[in-house]
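Under this note's numbering, the first residue of the sequence shown carries the number 540, and numbering increases by one thereafter.
In this text, a Cβ means the ideal position worked out from N, Cα and C, and glycines have one as well.
Computed from a prediction, not measured in an experiment: that's the story for all the values here.
Remarks on the structure that follows.
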Amino acid sequence: MTDDPSAAPKAPSKPKSHGRISVQASLTPRDLMGTPQVAGAWQAKIITLFPDAFPGVLGLSLTGKALDLGLWALHVIDLRDFGIGKHKNVDDTPAGGGAGMVLRADVVGAALDRAAVGTPPDRSQWPVIYLSPRGKPLDQAMAQRFSKGQGMTLLCGRFEGVDERVLHHYGIEEVSLGDFVLTGGEIAAQALLDATVRLIPRVLGNQSSTEEESFSDGLLEFPQFTKPADWNGLAIPEILQSGHHGKIAIWRRALAERLTKERRPDLWRAYCAKHGRDPVEDQEQ
Ligand code: SAH
């Protein structure tokens, strides 16, 4: 499903093709029912040694549906295509010695050049990101920022990572999924894309659900309950069944604050600073 974004739009050659091109080229009933204009849809370009890993989980549920509808598009660039010689080598041993292999600067550079075709050079509109444990940890504010641009290029590392020169030369932003080491950048890329794409208008059915959920206001989300009203002798909190929306909102906020204070003192301090509150004051009611 390697997709050359510089190529002229054409009918999809494989059934797995996703995104704008397939939507424009096929007259499915959905198109006839007035699908959204997909020109200018948010786009992701992924550089990876494992193109089959995409769209992966992004092809399921709401993100997958949005992909089929052309609300966002995915272009996968196979790093192997830029490999050197008969064996299409993409990596070599680390300069200075040590274990493992490093992705070559010339190979990664050629893939980044390909990805840059047809993308705006303004990094605020189109960030170029290397998924890396050394990067800034991914958070909701980052996902919000990314979702407001036109798209992004994601470089998935493998082995010991990427030659440092290429990261500097292309002014690449490094983003981490967290303080642990994965085998490759693909899972991290999908996590980043999932967090970003769901913030694009119309990708989630109910837009207000992104406004109330965890982190949106710097707090963790309040506890949720649903049917049955009694489960294993445990009842849903009475207030949630009162129908009194004002009181429910106050209760939820109090619980969100308590949870945040208990579990994430870092978030709690930032929230208090933002709202002019004393972080040691007792919020319990
Ligand atoms: N030697 C590197 C780790 C390489 S892991 C180091 O110690 O920093 C191989 C690849 O997996 C990396 O190039 C990166 O793309 C990806 N990766 C590993 N952990 C990651 C994390 N926490 N966040 C994002 N990407 C990660």
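{"Asked": "May I ask whether a heavy atom of the ligand SAH can be found less than 8 Å away from the beta carbon of Ala727?", "Found": "yes"}
{"Asked": "Should the segment 642 to 660 be called in touch with the segment 603 to 622, which here means at least 3 C-beta pairs below 8 Å?", "Found": "yes"}
{"Asked": "Run through the DSSP bridge pairs and tell me what Cys695 is partnered with.", "Found": "Leu670"}
{"Asked": "Can you tell me the Cα-Cα spacing of Asp630 and Val641, whole angstroms?", "Found": "5 Å"}
{"Asked": "Using beta-carbon positions only, say whether Val596 and Ile623 come within less than 9 Å of one another.", "Found": "no"}
{"Asked": "Consult DSSP for Leu738 and reduce its assignment to one of helix, strand or coil.", "Found": "coil"}
{"Asked": "Just to confirm the assignment, what range does the beta strand (DSSP E) spanning Glu713 have?", "Found": "Glu712 to Ser715"}
{"Asked": "Going by beta-carbon coordinates alone, are Gly579 and Gln664 separated by less than 9 Å?", "Found": "no"}
{"Asked": "Give the DSSP bridge partners of Asn628, in chain order.", "Found": "Ile623"}
{"Asked": "Under three-state DSSP, which class holds Trp665?", "Found": "coil"}
{"Asked": "Enumerated in chain order, which unbroken segments of the alpha helix (DSSP H) with a length of 4 residues or greater are wholly contained in the segment 727 to 810?", "Found": "747 to 751 and 784 to 802"}
{"Asked": "In the DSSP assignment, find the beta strand (DSSP E) that holds Asp617 and state where it starts and stops.", "Found": "Trp611 to Asp617"}
{"Asked": "Compute every distance between the C-beta of Tyr669 and the non-hydrogen atoms of the ligand SAH, then say whether any falls below 8 Å.", "Found": "yes"}
{"Asked": "Are there any heavy atoms of the ligand SAH lying less than 8 Å away from the beta-carbon of Thr749, as far as the coordinates show?", "Found": "no"}
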